[in-house]
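One structure is given below, encoded as structure tokens.
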């Protein structure tokens, strides 16, 4: 008998159907992947198992855990199960922990509650668990607070809480979505080991087909609250019997069609920091679009004593590179490597500590806003978070028109409307969207609006900071197409900041790998990604989930 | 989905769905209507003293009775409402008009300007507001105008603090970075992006300060530093009544109730608005 059996689970919230006849089974020691895009009902399925649904929700069907029906269980019985026999890991490690309690207290809390153990015993067990998830005593005493840990470390604490009582079933809802590829690989390894050790059943929920393909024995594909396809991972993903499976797989391996041999206006030339080799430009007659020379940025460190000067932290360390018009370059690196700091300096939102940045031969550092205006016109920005990058109280017209502030002659009302409509058209939105507010759009549409805003001054360079990492795979594919298309039609150059190598490979000519504030490797995208030289690049390439590779491996395992 | 996504009009519509907001709104509207009415009509003339009618208990002719000079208490309450509301409104206006720009400026500039402004704020905060208002009116002389100024000055740091805290939460957002990439200066960003996003906070604080303003005005009038006779005011009605508490308790109870009800109404509005602002709180009700 399976550990968990879900039969005909249907769910509606306030009369709106959310799930329809879901069937799913997990045995001990088995990893089942639940894949789907936003709004497909993945999380609601998980919350149904935990019985943590919103108040207006009504569920029908059967969820049997060890033969015991969870849907009819009393709340007391559920409280006893949650965190003991069923553990759950949440997506956002930043908010899944209580900021006022130490990590020791938070791991021990569940242990004490469920086993009635006294504080020292519970803390001893918590200590063991934290050691197990890779937070050893020496560096991570129980008295640490969540804010003293990085995102990956916090996710380890969340895993420790979920696994402390060796649950029979572990539910992981997008456990690595908020992390970069290196941390993702580490966390997935840890989960796999814990599942093997304790013969847990793991329900792994993700929108990322590649992640699930690597981890899961069987997968279930959800769409609009219905199971589209379910079966063994290898067969399901290699045969792709259901059209939606095919569509999802195609989207996650999507590479926008671009002219393959895009004539490079100049070679990207960023040499490993400290190297004596200066760049050799293919077209030295023209000033490069963007030239970064020996840029460094220090942030003031934490003051440890009143009398000692705080030691500054170096976020960006002696970085140099050039970028030519029409080129698109990826800046790849793990979280905290200084990518975003570098981007902010290029956008003249932050002053470098030393070094110079010039756009078309004009230095941008040390200028005031007024003399920056004509430079700003040539470069615009697209941010990661499609929800945070708009003022919620303004209409699309106002928001998209905002960079027109940079023009010397402000366009009149009618002309402004015309320009906004044109920019919206450029990114595939209709002019009727002009008077709507940002909350009326989906994440993918908002990212289009964000691109429209960046395009309206006809810039030569768009700095895009993780522009697709918050989007579903199919929407991501479409946004990448849009970027590639705009590059070809309008000749916009991109500096793409990402930790995701598939994005880098898909739409950029060249890749720069950043590590600890330095650029450690540079080259054509395909070369760097297939033959990484530096250790940092190799680590990124190895950690990146790859659907082809994952399916091939599963084929071998599952025959 | 957060509620902040909704534009301002939707916010007020939601506020009217909140029970305490509606109750508070009705009470406040009644008091305001009474004050407005007093400009055109009161049952009796409050400046005319009719000694023959003095100290009458509530009756059909004088609903709330008459005071020691024979003035109609209902009429005095009506005219007093006008005074209370005017003082509190202008005081809130002074506080907002000066405090909000200061707070926004401190948040936008940061560094030593922020430090200096906020430390100065702390100093103003350190004085009990009513005591300092007494000090100001004692120096510049009693009267409604000085009361307004005194209460207004002590509203400034309150609004500066709220505006600064709200702004600081908005500044690191990505749309602010986008606005900066669009070449907008800090002042323009404060007006175009920050203010609309902290308006709700300021509205809530505004109603609370309004209620406190009415209390402060009553307090100042009570000690004789507010509006001067013959202009009736709730605080001085209380003061006049206290020596006659035993013979005519209604003289104290009625202005007291007027103050309590008005402050209650405003606080309910503030409460309702705050609930509307915080969707998490609202769902729990």
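Chains as they are written, first to last, in my numbering: chain F, 1 to 559; chain B, 1 to 285.
Every residue, glycine too, gets a C-beta built ideally from N, C-alpha and C.
- Query: Which same chain residues, not among the five before or five after residue 276/B, have their C-beta less than 6 Å away from its C-beta?
  - Reply: 14, 15, 18
- So is residue 278/F buried or exposed if we call it buried at 16+ other beta carbons inside 10 Å? Any reading at residue 278/F is ruled out, since the residue's pLDDT is 37, under 50, leaving its predicted position unreliable.
- Message: Nearest by alpha-carbon distance to residue 171/B: which of 157/B, 131/B, 187/B, 159/B is it?
- Response: 187/B
- Taking 8 Å as the threshold, find out whether the region 229-242 of chain B comes into contact with the region 73-82 of chain B through three or more Cβ pairs. yes
- Query: Any residues in the region 157-179 of chain B with a beta carbon nearer than 8 Å to a beta carbon of chain F? Which ones, in chain order?
  - Reply: 173, 174, 175, 177, 178, 179
- Item | Boundaries (first-last residue) of the alpha helix (DSSP H) holding residue 218/F | That residue, residue 218/F, is in no alpha helix (DSSP H); its beta strand (DSSP E) goes 218-223.
- Assigned exposure category for residue 1/B - 16 Cβ within 10 Å defines buried: Residue placement at residue 1/B is poorly supported in this model, since its pLDDT is 35, which falls under 50; the coordinates are not used for a value here.
- Starting from residue 381/F, follow its DSSP beta bridges and name the residues at the other end. 463/F
- Message: When you compare the CB of residue 187/B with every CB in chain F, is at least one pair closer than 8 Å?
- Response: no
- Flag this pair as yes or no: are the beta carbons of residue 445/F and residue 471/F separated by less than 8 Å? no
- Query: Between the Cα of residue 165/B and the Cα atoms of 106/B, 247/B, 82/B, 62/B, which residue gives the shortest distance?
  - Reply: 106/B
- Item | residue 152/B versus 70/B, 109/B, 100/B, 71/B, residue with shortest Cα-Cα distance | 100/B
- Rounded separation between residue 271/B and residue 187/F - CA only: 45 Å
- Query: CB-CB under 8 Å to residue 450/F, same chain, minus the five flanking residues each way: which ones, in chain order?
  - Reply: 382, 383, 386, 389, 390, 467
- Message: With distance defined between alpha-carbon atoms, name the residue in 375/F, 132/F, 225/F nearest to residue 18/F.
- Response: 225/F
- Whole-angstrom distance between residue 140/F and residue 410/F, CA atom to CA atom: Taking the CA atoms as reference points, residue 410/F sits about 56 Å from residue 140/F.
- Alpha-carbon to alpha-carbon, residue 167/F and residue 201/F: 9 Å
- Task: Please classify residue 243/F: does DSSP put it in a helix, a strand, or coil?
- Result: Helix.
- Excluding five sequence neighbours on each side, which residues of the same chain lie with their C-beta closer than 7 Å to the C-beta of residue 256/F? 480, 481, 484, 506, 507
- Query: How many Å lie between residue 264/F and residue 457/F at the Cα?
  - Reply: Residue confidence is low: residue 264/F scores 43 on pLDDT, short of 50, so the model does not pin down where it sits. Its coordinate-derived value is still stated next. Distance between the alpha carbons of residue 264/F and residue 457/F: 24 Å.
- Give the DSSP-derived three-state secondary structure of residue 498/F in the structure shown. strand
- Item | Beta-ladder partner(s) of residue 5/F, from DSSP | 25/F, 64/F
- residue 158/B to residue 95/B, Cα distance in whole Å? 8 Å
- Task: Could you say which of 114/B, 251/B, 50/B, 223/B lies nearest to residue 135/B if we only look at CA atoms?
- Result: 223/B
- Query: Taking DSSP as the reference, what is the three-state secondary structure of residue 185/B?
  - Reply: coil
- Item | Which listed residue (357/F, 490/F, 503/F) has its alpha carbon closest to that of residue 475/F | 503/F
- Message: With a threshold of 8 Å between beta-carbons, can residue 445/F be considered close to chain D, or not?
- Response: In the structure shown, chain D cannot be found, because the protein chains are F and B.
- Coarse secondary structure for residue 127/B, derived from DSSP in three states: coil
- Query: Whose Cβ in chain B lies nearer than 8 Å to the Cβ of residue 376/F?
  - Reply: 181, 182, 183
- Curious, which full-length alpha helix (DSSP H) runs of at least 4 residues does the region 315-351 of chain F contain? Counting only runs of 4 or more, we get 339-346.
- Query: Straight-line CA distance for residue 121/B to residue 252/B?
  - Reply: 37 Å
- Message: In whole angstroms, give me the CA-to-CA distance for residue 129/B and residue 149/B.
- Response: 12 Å
- Item | Candidates 550/F, 228/F, 113/F: closest to residue 22/F by CA position | 228/F
- Task: Work out the CA separation of residue 113/F and residue 142/F for me, nearest whole Å.
- Result: 18 Å
- Short CB-CB distance (under 8 Å) between residue 388/F and chain B: Interface criterion met: the Cβ of residue 388/F is under 8 Å from a Cβ in chain B.
- Task: May I have the straight-line CA-CA distance separating residue 366/F from residue 351/F, to the nearest angstrom?
- Result: 8 Å
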